[in-house]
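A.B. asks:
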Amino acid sequence: MGFEERILETFQCQKCRGKAGVIQKVALPTPSFPKLFSNTGKYFLVTCTLCGYTELYDMAIYVKGEEKVKKSSSLTQEA
Ligand SMILES: [Zn+2]
0 MGFEERILET FQCQKCRGKA GVIQKVALPT PSFPKLFSNT GKYFLVTCTL
50 CGYTELYDMA IYVKGEEKVK KSSSLTQEA
């Protein structure tokens with residue numbers, strides 16, 4: 000699990016400030032994406048259960064960022 004739980008823990012809707020969200024994993028075709036992106040085509044959506052606002056993350060990039068955060072230890076982003 001890991002990062003999904005982390006996202007839901009820290010999730011706050013940008014529109015309504017609600018803190019309840021659900022994650023859905025999706026795979027999207029990315030035929031014209033430039034190579035600088037990871038190009039796995041895997042994303043996850045975090046949808047606010049109060050207003051329906053949805054954020055879209057590139058899974059590969061997000062997971063990579065998580066690893067960096069772990070290595071640089073004490074950077075916490077708690078509200
Ligand atoms: Zn919302």
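The sequence shown finishes on residue 78 if you use numbering that gives the first Met the number 0, and the numbering steps up by one all the way, no holes. Cβ coordinates follow ideal geometry from the N, Cα and C atoms, glycine included. Model, not experiment: these values are computed from the prediction.
Under 8 Å, do E54 and V45 count as touching if we go by C-beta distance?
C.D. replies: A contact, by the Cβ cut-off of 8 Å.
A.B. asks: Can you give me the start and stop residues for the alpha helix (DSSP H) that K69 sits inside?
C.D. replies: Its alpha helix (DSSP H) spans residues M58 to K70.
A.B. asks: Measuring only from the beta carbon, is Y95 closer than 7 Å to any heavy atom that is part of ligand 1?
C.D. replies: The chain is shown only over 0 to 78; residue 95 falls outside these bounds and no answer can be derived.
A.B. asks: If you draw a straight line from the alpha carbon of T39 to that of A26, how long is it in whole angstroms?
C.D. replies: Taking the straight line joining both Cα atoms gives about 8 Å.
A.B. asks: Determine the contact status of Q23 and F10, defining contact as a CB-CB distance below 8 Å.
C.D. replies: No, Cβ-Cβ distance for Q23 and F10 is not below 8 Å.
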